[in-house]
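So the mapping is simple: this note's numbering equals the position in the sequence shown, first residue as 1, plus 249. Working notes, beginning with the structure itself.
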Amino acid sequence: MPEGVSYSFRSLARGPKGEGLILGTDGKLHVVDPATGTFTSAWPVVAAWKEPMNWQEPRPALFVRGDAAYITEPATKKVHRLDLTTGKLLGSVELAAIPNEISGTLSTH
250 MPEGVSYSFR SLARGPKGEG LILGTDGKLH VVDPATGTFT SAWPVVAAWK EPMNWQEPRP
310 ALFVRGDAAY ITEPATKKVH RLDLTTGKLL GSVELAAIPN EISGTLSTH
């Protein structure tokens with residue numbers, strides 16, 4: 250990770266081609282080639298954040314389905330959708346409550 254940037258257990262995932270994805274405390278989604286350990290991209294998604302001392306407190310979280318990454322941003326009560334092929338933000342929604350975790354399923358339809 251870049252100097253001074255960390256991550257949490259809720260900010261790790263694999264991309265559609267097996268690449269490593271790490272949502273850093275700098276607010277960027279860092280893409281890692283697992284074979285070489287080289288960072289290949291870093292896309293801004295959320296505002297910079299700090300890891301809370303209590304592991305149960307909300308913090309940005311990452312979920313991947315297909316070519317899309319879904320990232321929660323508790324500070325703004327939003328969930329963002331990022332295209333993993335281009336690194337572009339596809340959209341955001343504001344929730345009524347602070348998101349704490351994120352998960353999903355893959356539809357066969």
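Note that beta-carbon positions come from the ideal geometry of N, C-alpha and C, so glycine has one too.
With contacts defined by Cβ atoms closer than 8 angstroms, residue 295 and residue 309 form a contacting pair.
The beta carbon of residue 289 sits closer than 8 angstroms to those of 268, 280, 281, 282, all from its chain and outside the five residues before and after it, given in chain order. Residue 338 places its beta carbon 8 angstroms or farther from that of residue 344. Scanning 328, 340, 335 for the CA closest to the CA of residue 347 turns up 328. Within the DSSP secondary-structure output, residue 269 pairs in a beta bridge with 263, 281. Ranked by Cα distance from residue 340, the options 334, 353, 320 are led by 320. In the DSSP assignment, residue 328 falls within the unbroken beta strand (DSSP E) covering 327 to 332. Of all alpha-carbon atoms in 335, 324, 313, 334, the one lying nearest the alpha-carbon of residue 351 is that of 313.
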